[in-house]
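With the sequence shown counted from 1, adding 3 to any position gets you the working numbering.
The C-beta atom is built at its ideal place from N, Cα and C for all residues, glycine as well.
This structure is a prediction, so every number in the text was calculated from the model and none was measured.
What follows is a single structure, written as structure tokens, with notes after it.
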Amino acid sequence: MLKLTRFTSEFVKRITVILILLTLWAGAVPQVLAASEWDSALDEIHNLYSAYTELQVVLKSEIQRNQELRKQNNAALTAVNAKLQSTDAAQLAKLRAAAEAMQKKHAPVLEQYTSLGKQAAAARKATNLKSATLLEIKRNKLKPAAVAARAEVKVTTSALAEAKALTAARNKPAKDALAPIANLKKQITAQNKLFSAMQAERSEADKRYKAAVKAGDATKAAAAMKLSYSKMGEIRTMAGRMYSWEQQISTALRSAELKLPK
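See the structure below:
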């Protein structure tokens with residue numbers, strides 16, 4: 004019986020030691036795994052750091068390039084439009100002034116002639132034949148002056164219309180060259196909205212990266228760096244697309260400049 008008691012006591016001691024060891028090992032596993040993840044994240048940062056910083060520099064340069072080209076294009080477009088507006092400007096201004104002066108000169112006669120016609124028509128409708136007849140006599144007396152006035156007005160307005168048509172024809176080649184620009188600018192505007200949204204996401208990822216570095220959290224820093232790097236790649240693609248459109252605008256502008264009236 005004594006032997007059995009000793010055997011049981013030894014067995015319990017061994018089981019207790021084994022359980023303690025198992026408990027300590029189980030607690031150490033998460034720590035080992037965490038350390039492994041931290042080291043792995045640190046390696047990711049190390050491996051990506053050069054590409055990450057280089058892409059930042061490249062992206063900044065390409066965005067600046069886009070801005071400079073857009074500024075040049077906007078200035079060139081303003082200049083081309085100004086030249087188009089100045090085509091035959093002095094001649095058109097002279098003809099416009101002549102037409103306006105002629106209309107003003109004959110306005111009283113033409114207004115009176117028109118008014119007499121309306122009054123005579125109203126009188127006839129009201130079966131007031133006496134008034135209608137008197138009004139018609141006055142209108143017919145004024146008719147030669149009204150016809151002459153309309154003829155003079157027509158001469159000046161026709162001259163202005165013909166001059167405008169000739170100017171439009173002279174400007175047409177340059178305006179046709181400018182035509183694609185409106186659609187390209189719409190595409191750039193739409194892309195810019197997506198670009199701004201992507202920039203905001205990338206900026207937020209950069210903030211998280213810097214905060215994680217400051218906190219010594221390699222895992223979060225690596226995740227934020229990878230996200231920022233990915234967003235920069237997408238932003239660069241958008242920037243390249245917009246640069247291509249700006250180049251197309253530059254080509255259209257050069258073509259328009261060559262086709263401006265001499």
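To the nearest angstrom, how far is it from the Cα of residue i to the Cα of residue j?
{"i": "A168", "j": "E103", "result": "18 Å"}
{"i": "A171", "j": "A110", "result": "29 Å"}
{"i": "I238", "j": "H49", "result": "23 Å"}
{"i": "A221", "j": "M228", "result": "10 Å"}
{"i": "I140", "j": "L119", "result": "9 Å"}
{"i": "Q70", "j": "S258", "result": "22 Å"}
{"i": "N143", "j": "A152", "result": "14 Å"}
{"i": "K265", "j": "I184", "result": "23 Å"}
{"i": "Y212", "j": "E47", "result": "13 Å"}
{"i": "S64", "j": "L58", "result": "10 Å"}
{"i": "K188", "j": "V60", "result": "27 Å"}
{"i": "Y232", "j": "A208", "result": "9 Å"}
{"i": "L137", "j": "Y116", "result": "14 Å"}
{"i": "A218", "j": "S206", "result": "18 Å"}
{"i": "L80", "j": "L72", "result": "12 Å"}
{"i": "Y246", "j": "Q75", "result": "13 Å"}
{"i": "A255", "j": "N77", "result": "12 Å"}
{"i": "V216", "j": "I252", "result": "43 Å"}
{"i": "V150", "j": "Q94", "result": "27 Å"}
{"i": "Y55", "j": "E204", "result": "16 Å"}
{"i": "A82", "j": "N195", "result": "24 Å"}
{"i": "K210", "j": "L197", "result": "20 Å"}
{"i": "M201", "j": "E40", "result": "29 Å"}
{"i": "L145", "j": "L98", "result": "28 Å"}
{"i": "I66", "j": "T240", "result": "11 Å"}
{"i": "V112", "j": "E260", "result": "48 Å"}
{"i": "A214", "j": "L62", "result": "22 Å"}
{"i": "A224", "j": "L45", "result": "9 Å"}
Tell me whether residue i counts as near the ligand MN, meaning its Cβ is closer than 7 Å to at least one heavy atom of that ligand.
{"i": "V112", "result": "With respect to the ligand MN, the structure shown offers nothing to examine, as it has no ligands at all."}
Among the options, which residue has its Cα nearest to the Cα of residue i?
{"i": "S134", "options": "P183, K121, K146", "result": "K121"}
{"i": "A148", "options": "S231, A226, R173, E114", "result": "E114"}
{"i": "K262", "options": "K189, L181, A96, A214", "result": "L181"}
{"i": "R244", "options": "L230, Y55, S199, I191", "result": "I191"}
{"i": "Q250", "options": "A226, S206, R68", "result": "R68"}
{"i": "Y52", "options": "N77, I252, L230", "result": "L230"}
{"i": "S199", "options": "M105, V216, K210, M235", "result": "M235"}
{"i": "S43", "options": "L132, M241, W248, A226", "result": "A226"}
{"i": "A193", "options": "E260, A101, A242", "result": "A242"}
{"i": "A100", "options": "V156, L62, E40, V112", "result": "V156"}
{"i": "D91", "options": "K196, I66, R173, K210", "result": "R173"}
{"i": "S108", "options": "L132, A154, A96, I66", "result": "The sequence shown places Lys at residue 108, not Ser. Nearest option by C-alpha distance: A154."}
{"i": "N186", "options": "L132, W248, E260", "result": "W248"}
{"i": "A166", "options": "K223, L132, A96", "result": "A96"}
{"i": "L105", "options": "T130, V158, N131", "result": "The residue you asked about is not Leu; residue 105 is Met in the sequence shown. Cα-wise, what sits closest to M105 is V158."}
| message | Does the structure place the stretch 124-134 close enough to the stretch 153-168 that three or more beta carbon pairs sit under 8 Å? | response | no
| request: List in chain order: all unbroken alpha helix (DSSP H) runs of 4+ residues lying wholly within the stretch 66-150. | output: 92-128
| query | Would you say the stretch 175-188 touches the stretch 76-91, given that touching needs at least three Cβ pairs under 8 Å? | reply | yes
| query | Which whole runs of the beta strand (DSSP E) in the stretch 171-253 are 3 residues long or more, in chain order? | reply | none
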